[in-house]
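Taking it in order: structure first as structure tokens, then the write-up.
Number of protein chains: 4
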Amino acid sequence: MKTIGHLINGTIDTQASRTQDIFNPSTGEVSKQLALASKPTVEAAIAAAQAAYPAWRNTPPLKRAKIMFRFKELLERNADEICRLIGEEHGKIAHDAMGELQRGIENVEYACGAPELLKGEFSKNAGPAIDSWSEFQPLGVVAGITPFNFPAMVPLWMYPMAIVCGNTFVLKPSERNPSSVLFIAELLHEAGLPPGVLNVVNGDKEAVDVLLSDARIQAVSFVGSTPIAEYIYTTASANGKRCQALGGAKNHAIIMPDADMDNAVSALVGAAFGSSGERCMALSVAVAVGDEAADALISKMSEQMKSLKVGAFSDKTNDFGPLITRAHQEKVVGYISSAEQQGATLVVDGRKPTVAGYDKGFYVGGTLIDNVTADMTCYKEEIFGPVLLVMRVNSMQEAMQLIDDHEYGNGTCIFTRDGEAARYFSDNIMVGMVGINVPLPVPVAYHSFGGWKRSLFGDLHAYGPDAVRFYTKRKTVTQRWPSAGVREGAQFSFPS
Amino acid sequence: MKTIGHLINGTIDTQASRTQDIFNPSTGEVSKQLALASKPTVEAAIAAAQAAYPAWRNTPPLKRAKIMFRFKELLERNADEICRLIGEEHGKIAHDAMGELQRGIENVEYACGAPELLKGEFSKNAGPAIDSWSEFQPLGVVAGITPFNFPAMVPLWMYPMAIVCGNTFVLKPSERNPSSVLFIAELLHEAGLPPGVLNVVNGDKEAVDVLLSDARIQAVSFVGSTPIAEYIYTTASANGKRCQALGGAKNHAIIMPDADMDNAVSALVGAAFGSSGERCMALSVAVAVGDEAADALISKMSEQMKSLKVGAFSDKTNDFGPLITRAHQEKVVGYISSAEQQGATLVVDGRKPTVAGYDKGFYVGGTLIDNVTADMTCYKEEIFGPVLLVMRVNSMQEAMQLIDDHEYGNGTCIFTRDGEAARYFSDNIMVGMVGINVPLPVPVAYHSFGGWKRSLFGDLHAYGPDAVRFYTKRKTVTQRWPSAGVREGAQFSFPS
Amino acid sequence: MKTIGHLINGTIDTQASRTQDIFNPSTGEVSKQLALASKPTVEAAIAAAQAAYPAWRNTPPLKRAKIMFRFKELLERNADEICRLIGEEHGKIAHDAMGELQRGIENVEYACGAPELLKGEFSKNAGPAIDSWSEFQPLGVVAGITPFNFPAMVPLWMYPMAIVCGNTFVLKPSERNPSSVLFIAELLHEAGLPPGVLNVVNGDKEAVDVLLSDARIQAVSFVGSTPIAEYIYTTASANGKRCQALGGAKNHAIIMPDADMDNAVSALVGAAFGSSGERCMALSVAVAVGDEAADALISKMSEQMKSLKVGAFSDKTNDFGPLITRAHQEKVVGYISSAEQQGATLVVDGRKPTVAGYDKGFYVGGTLIDNVTADMTCYKEEIFGPVLLVMRVNSMQEAMQLIDDHEYGNGTCIFTRDGEAARYFSDNIMVGMVGINVPLPVPVAYHSFGGWKRSLFGDLHAYGPDAVRFYTKRKTVTQRWPSAGVREGAQFSFPS
Amino acid sequence: MKTIGHLINGTIDTQASRTQDIFNPSTGEVSKQLALASKPTVEAAIAAAQAAYPAWRNTPPLKRAKIMFRFKELLERNADEICRLIGEEHGKIAHDAMGELQRGIENVEYACGAPELLKGEFSKNAGPAIDSWSEFQPLGVVAGITPFNFPAMVPLWMYPMAIVCGNTFVLKPSERNPSSVLFIAELLHEAGLPPGVLNVVNGDKEAVDVLLSDARIQAVSFVGSTPIAEYIYTTASANGKRCQALGGAKNHAIIMPDADMDNAVSALVGAAFGSSGERCMALSVAVAVGDEAADALISKMSEQMKSLKVGAFSDKTNDFGPLITRAHQEKVVGYISSAEQQGATLVVDGRKPTVAGYDKGFYVGGTLIDNVTADMTCYKEEIFGPVLLVMRVNSMQEAMQLIDDHEYGNGTCIFTRDGEAARYFSDNIMVGMVGINVPLPVPVAYHSFGGWKRSLFGDLHAYGPDAVRFYTKRKTVTQRWPSAGVREGAQFSFPS
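Shown next as structure tokens:
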């Protein structure tokens, strides 16, 4: 059985004292072994990054960007293989993996604009004959810690921008699906990245804690669940590191009485069940304003869900695949059951889907639950499964209050045709990413991604313009030149 | 004896269960009493800020800025009174207080540009008929905690920008010199600020800890010493607050052999002894490259220091005044003595200055110490007094290594006439604010202020463009309008 | 009778070989004489501006901005007097003059942000150890030529930004109402502007042609009618000058069937008749989609127009005042009559208003004309009077076609509650300034003002960010420092 | 013999009523025929661009940019062939053609950042519940007219940015060397550009005049000589088009007494003789401050010129190749002779170079002329050949005066080691592109290219950020949503 190792200083290292199983969630079987990095391994990666830093920092941004251009080419050329690796270890269907990869590539495209993005601010005559300018200099060695649900995209949110800004990087991806991460990292080396600029270590908390405590790490980017995000942020901050840590979500859609209901339902099906709901931007709660809207929603939704197809990653006709682990499957099923027990109405029950030939896979089918209330466990926590909760309220204000009262503030959307309702909602809702008739308002690569409240810890959002600020620090120079006589002196030296 | 109170919801409150003496450092006498805020008092201020927030947030930025324009007028009109209040409680001579105030006013001027500074980013056709934009929304209630050494300027670094961005504010200034702070805050109300938008509470650690723990406070800005800055940053971060905490400094000037030595010496005298060295940007170490430069520096410096005049704040012919407290005076004297004991050469000794008529004032005279080495106590710690250390090295590289090895990275400068040396220095030195022949490279109000290493905790610097980012959070909206038939429908309703 | 002169090099000059009458349009009487500048007078103004340029250019932007801050104060303090001067010579009622002045002041506020607005772009390591930056340097002496209809506002669109960018300025305002212009220019001097930086010359085509041909003038800003704008632009361009020339308008409002009709009618009354329609952003055509909307519009509009009050500038209860000249009054009346003759329906006829006690004033009352078609003279030309044309179409597309087919493309708006209609309209309409339920979509001072098609000649719009670009030119510097041995040399000079 | 045609609507069209010879300047022989576009041909190209515009305008910028990414790949993959085509028709040696192409590709890289570059400005609450934003919309069909000297680079300055901004394009390249232009344009189609978005017409004044007069052309970019630039600018402006027209140059280098002379000489050799001096940024005048500097310069320069190798494009060991035509060769020789006749000292004479085997080629060798004065013909006019003039002055001020007195203001540089001299020079010199120890200060692709004085007609420079502004127009939208009852109504419809 193949052992997946680390990529340190441009070289794959598969030696390991500890290993862990990697599963194929579609079949439920172990497919590979993962080497888990010990402290010395992580320190070797940091040392490689540290050694590569001085030369990389002094490489002109334009040259750094040229490597990103080639990286984009290689990602596109190898897209099918990347998607296959993602599917095998994550369970995602190819069309979904391709969507994820495409989003990741768009972050690489954004990084190609580094020369423009890194421009500083120049002030002539800040004082008499005094100029002042601010540069945005790289930080040094920075780290990224990424989750299982977007093995290609989330690392690509981080290191292309970090690297193109002049930093060197140590990435610790999810231990569930490291293969696409390593494959992509090797493509970046093929594109011309010098060894040591990007290093990948696989591991668990032991590896993470080295990254959080080693003084050579200047900054940490994290995406995962809120409790871990909070731990990462607090620990990294206390250790003097810059940190941005993105956590969990509970994304609500408000369905207004004037919404185009067919559109809304189509949008919700994709946004709730796509990737089995294992997305931090998945729409997991639909809040219908008025029973009329709620009834129409439930009716059209349950009708449309009849054609939903769950199954193995390898069949492209499937809509979505298995969950990531047996444990997670059981947890999701538990949430559904708790909803039923706590009084909600189970309209479509996906707890026991039949997936012919894959009975050991970690599947849960699309599930629709009506009459959910704010005190239910299924509402208070993030399910991260293909489960859509429906809540009924009497007014838009009530719907907004629900959203603002929730712990998370990642994404939200409203379905309406009315300009005023949309503007009021987007202005006032305490959520960082807002859709107006757009169910998954993931910002495009040239805006930045970030939730509010306990969905993000830190000042600056992920990718886009904020990433430039996160991965650089401001240096302000104030300059005055005293005369050395060269200019005036010359006038006297050579009289006519 | 007058008791200084709090400004909460537009009203002065002087009731207090605990009070503390306020001294006039020039005379060494107690002049006023300060009410120390209890937890309920701080909470009342937070509540006032919270109540004022919704209306203030919805006030157009242009209207908010108009109040800043009037505030600037009032600051200028009342400049003499402000400087008198500063002098009385801080000991700063009027010309120095005026300089501080002027810098503060320039931050108010910058805040007047809010409508431009708050512009978001708009992307037409992020997708087909989909628009996306990012807004920079205020955070809510934010807090500022400020030091004694710039009672007018440092608060003005914070709340004008915070407020003009739509936040409401609770300020806890230094307990040493609160009078100018309160006077200025009242001017802002006179300029039209609604009650509750800016609140000032005086107090000590009890007040600070409420600000760090109360869930209604969204962000904390701090300026002070590094140990406190670290405590503030770690605590506020752990409590889920955005935080920027500026700490101590040890600012080095490199004197290159080709420097214009007369210019350099003049610059150093002001930068080392101005405001008794109680500035986080004070130049406290001169690193001379080569003995020739060092000898010239010592010789010219000690000559020029003969005319330095230390004395009471009320005499404008004085160059600088007393230190802030008796305890601090003794601490500075202790540093000077330790230097002597550890082998440095005391060239000019300011430990016992004569200030006729003010023998109880907290004075230390200008002090010049040669042959300082990196292991001495006076070098390792921030003295915050009128003491200039001179170190001798053999190369620019050695000088830069000294600077980079020091715990702090606030400001630094180089004196040279050579373009290449200046560019190499400013590019590579690990310090946030760099001067080239400029001894106090404090960024102008439209750049941002911030040190590196342990001189600043947080991602974003103080004032200037970074303040806009610190005091706002990004919200990204993605919008698609489904047809409601209004546009096309009309075509069919009224056929020709 | 008082003679109004020029302001050259900080001094008023009233000598003149030629003069012209200035009227009070409310009474129809001559009230003052205007000195008309000869070629030598204009050249003296240019020479003063040229002489003032070098010192002004080198004055730090922050210092230049400080004068603008004081200018704003003085404008506010003297607002009543300014409005009185405007009213006397233009006929505008005080509330309208105050609105104009307020908009002008907001341009001064924007100019106060010069230090931020003038920041250049800095690129570290454009190549190895090569830095490159772009500065935005002033042009030199620039000129402005402004119309009668906004004597305070339009000049304030121009010279505050031009001057704060480091240029010096020659202004030739309208010969109809120069008094407020001169008064305001003197306030700017009172605010601290050095003599020669702003010069005002009064005159006619003789003066204009000097400004268009003199080689010392680097750029010309113009606001007026389209034929003159075209002449100015073509001539100035052919003479190698930078030019922006804003011309005429025919601003349409589309009234959709779903519009909030009461809101729309209120908005239209102000936008069509305010300032007697003598605004380049006046709404002069309402295009109703469907007869139902049209009938409702006509009915509500004619009802609301009953309370419209036209009269002398000195009575603040009037809604609007006289037209600027007898000739213009007759021209507007002629347009109304032509509409009637060409088959339109005259719903409300303002040709003979009664203004008790002012029977020689140049008054025209609010006029509403229905069933206007695209071939009528009143539609093809800009009326610049208190006349609202109503057109009836069957679809939004037809309404948009009308707008796009018109020669002008200054402003337009749509009244609808529908997000999709608004987005389609604003995206596709060939007009530079678009309102969505906003009848006068004049951009705020921190956006820029400019029409499309034959409403503006030039690349860059007036005021706001575009003004910074118009009044500066880019200089790009690329810098590499060869070693002079200072940095490395020192290492060898002083071996340890 | 092959006939080179046009590329219209994605198809090559070689039919022509008129043709013109294309030469191989290295051999002096005719190698191809060029079809010259008649008015109907140009109109067909415009019509194709017009037809392609609506769909292209609505293509999201991200999708437009993706084509630019693929274009870059194809340019790199086909670089050798492009350089061969350039060499054959221009005479440029492969290393020089590769340099040109590389610069062109960097403009394509910049265009890949379109989604970031096209961001508009968004203002929430410009008024109460009123939002306002500015979009940068494409212009429509725009044209480019480009010179022979950079057949690959200059067109790539223009159409990638124009197209990525949403415009469609008609390019008229130089009639001397159209083959690389067409080949590159076909690569862009291979990259996925829809037909009609980019059209190439070959021709002469007949074609140009159609582009300048046809009402469908919204803007014209031109690079060429100053007299033609002025004609283009004046004509296009008078016809209501936006225009930027870049003209000639006379680029001076100041050699200060403290310059690193070896560096300076190496830099000058490349900058004066590279590409036979047929560059608008060629350094054609060296101004030495003081005779000592001048003598050293002449001595080292003439020494280094001994190894200069002129010859056919096909031999990569050559330093530079022939001039573009026989006529131009004779013109350059004439300038050299005139210098001699007017009293200058011909130090190195390149009038009769020997190029074995290519005696009919249009060669001129590297030429160095000392003691040139400002009244000589060779100084007043642009030579555009491998000729370096040396002038001797007594002071830096005198050198700067020479530069400022010259008609052109394209590029300039100074060689010095002194910070103060460099800063004074770059601040004050009336030239748009300034080098400090950089002989060819061509801005990188993410800054903009443009001279001052008669070297550029128009407000905005070529490529970089200015190109975004040149190829778009600002539209400002102001939006207020009246309540349609959807938001509040819902509260009342469903009471609890």
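Protein chains in written order, with this note's numbering: chain D, 7 to 502; chain L, 7 to 502; chain Z, 7 to 502; chain C, 7 to 502.
By construction, the Cβ of each residue, glycine as well, lies at the ideal position given by its N, Cα and C atoms.
It should be emphasised that the depicted structure is a prediction, and the values quoted were computed from it without experimental measurement.
Annotation for D:S272: no beta strand (DSSP E) segment contains it, though the alpha helix (DSSP H) segment containing it runs 267-279. Here the C-alpha atom of L:P144 lies approximately 18 Å from the C-alpha atom of L:S243. Beyond the five residues adjoining it in sequence on each side, L:N245 comes within less than 7 Å, by CB distance, of L218, S219 in the same chain, given in chain order. Excluding sequence positions up to five before and after D:V229, its CB lies within less than 6 Å of the CB of T152, P153, V160, L252, all in the same chain and listed in chain order. Excluding five sequence positions before and after C:R182, the CB atoms of its chain that fall closer than 6 Å to its own CB belong to F154, I330, given in chain order. The beta carbon of D:V148 sits no closer than 8 Å to any beta carbon of chain L. Per the coordinates, the alpha-carbon of C:T20 lies some 10 Å from the alpha-carbon of C:V207. The beta-carbon distance between C:V226 and C:A292, rounded to whole angstroms, is 35 Å. This is too long to meet the 8 Å contact definition.
Assigned with DSSP and collapsed to three states, D:N30 falls in strand. Here Z:K178 is buried: its Cβ has 16 or more other Cβ atoms, across all protein chains shown, within 10 Å. Around the Cβ of L:D102, a 10 Å sphere holds 16 or more other Cβ atoms; the residue is buried. By the rule that beta-carbons nearer than 8 Å mark a contact, Z:D264 does not touch chain D. Across the structure, L:P449 and Z:L68 are spaced so that their CA atoms are roughly 13 Å apart. Taking 8 Å as the CB threshold, L:A292 stays off the interface with chain D. In this chain, the beta strand (DSSP E) harbouring C:A149 covers 147-151. Leaving aside the five residues that flank L:R480 on each side, the residues in its chain whose CB is nearer than 7 Å to its CB run, in chain order, S140, F142.
Secondary structure of C:W163 (DSSP, three-state): helix.
Our two residues, C:E196 and D:N84, have alpha carbons roughly 20 Å apart in a direct line.
Under the three-state reduction of DSSP, L:T65 is assigned to coil, being neither helix nor strand.
Distance from the CA of Z:V393 to the CA of Z:A427, rounded to the nearest whole angstrom, comes to 27 Å.
Closer than 8 Å to the CB of Z:G349 there is not a single CB belonging to chain D.
At a cut-off of 8 Å between beta-carbon atoms, C:E115 makes contact with chain D. In this structure, L:K72 is the residue among L:C89, L:K72, L:D86, L:E82 with its C-alpha nearest to the C-alpha of Z:E82. L:V176 places its beta carbon 8 Å or farther from that of L:V214. In the DSSP assignment, D:R90 falls within the alpha helix (DSSP H) that extends over 85-96. In the three-state DSSP reduction, Z:H412 falls in the coil class, being neither helix nor strand.
In this structure, the alpha-carbon of C:F455 lies about 26 Å from that of C:D325.
With distances taken between CA atoms, L:L42 lies nearest to L:T9 out of L:A58, L:A55, L:G16, L:T9. In this structure, D:A255 and D:S461 form a Cβ contact; the two beta carbons are roughly 5 Å apart against a cut-off of 8 Å.
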